[in-house]
Amino acid sequence: MSSVGGEERGDTGGEGAGAASLFTFSPEPTLEDIRRLHAEFAAERDWDQFHKPRNLLLALVGEVGELAELFQWKPDEEPGPQTWPPKERAALQEELSDVLIYLVALAARCRVDLPQAVLSKMDTNRRRYPAHLSRGSSRKYTDLPHGATSEDQTVGTTDLACESTHQASA
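Take the sequence shown: its position 25, counted from the start at 1, is 10 in the numbering used here, and no numbers get skipped.
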């Protein structure tokens, strides 16, 4: 673990005192680096033919299932993954990585710029869940008191279309 600007980076070891500390990710690799690394890996194996949006989505769901399996049957009172044995922590790291890799690959195949999509979605969430109305509440934005907005962000159909199997340009 390293410390940057007073914030913890990387594995905190235990949840106790570390849980109150801030966690930050490493600055590298970026999502673009991850996209490129996966694209190179798949190209070297001629696997692009298998990486259509539907296939990537199903692989992503499978990996989320494997991630969920790590948490299955663990008691809620347990301190959490930060106190798991090294073998379980390694499995957690691998499954989270698999989820991220497939998510980035799916976004790239569907031509969704994830960093920009996240910024847009956070703006939408700020409008839907104003802090003064939603603090400490698990209610959906449509169930918040008056003043919360329920307008959905409009997305054009071309924004949702994934890259076709016969892409015209590479």
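Just so it is clear, CB atoms sit at the ideal spot from N, CA and C, and this is done for glycine as well.
Query raised in the report: Thinking just about the alpha-carbon of each residue, which of R111, E54, L85 is nearest to the one in L99?
Result: Relative to the Cα of L99, the nearest Cα in the group R111, E54, L85 belongs to L85.
Query - Pairwise C-alpha distance: L45 and P60 - result: Cα-Cα distance, rounded: 26 angstroms.
Query raised in the report: Between L41 and the rest of its own chain, which residues show a CB-CB distance below 7 angstroms, the 5 nearest in sequence each way excluded?
Result: The answer, listed in chain order, is Y87, A90, L91, R94.
Query raised in the report: With distances taken from CA atoms, which of Q78, Q57, S82 is nearest I19?
Result: Measuring from the Cα of I19, the nearest candidate turns out to be S82.
Requested in this report: Check F8 in the structure and name its three-state DSSP category.
Outcome: Under the three-state reduction of DSSP, F8 is assigned to strand.
Query raised in the report: Are the beta-carbon atoms belonging to E48 and E73 less than 8 angstroms from one another?
Result: Not a contact, by the Cβ cut-off of 8 angstroms.
**Report entry** Length of the line joining the Cα atoms of H36 and G50
**Finding:** Note on geometry: alpha-carbon atoms of H36 and G50 lie some 19 angstroms from one another.
Query raised in the report: Looking at the structure shown, is L99 part of a helix, part of a strand, or coil, going by DSSP?
Result: DSSP places L99 in helix when its eight states are reduced to three.
Query raised in the report: When the distance is taken between beta carbons, is P66 closer than 8 angstroms to L77?
Result: For the 8 angstroms CB-CB criterion, L77 and P66 form a contact.
Report task. Just mark R113 as buried or exposed, buried being the case when its beta carbon has 16 or more other beta carbons within 10 Å. Result -> R113 is buried by the Cβ-count criterion.
Report task. Would you give the residue range spanned by the alpha helix (DSSP H) that F26 belongs to? Result -> Annotation for F26: the continuous alpha helix (DSSP H) segment containing it runs 16 to 29.
**Report entry** Residues near S135 in its chain [Cβ-Cβ closer than 8 angstroms; skip 5 each side]
**Finding:** Note that S135 has pLDDT 48, beneath the 50 cutoff, so the model's placement of it is unreliable and the number below is only indicative. Excluding residues within five positions, the ones whose Cβ falls inside 8 angstroms are R113, Y126, T127.
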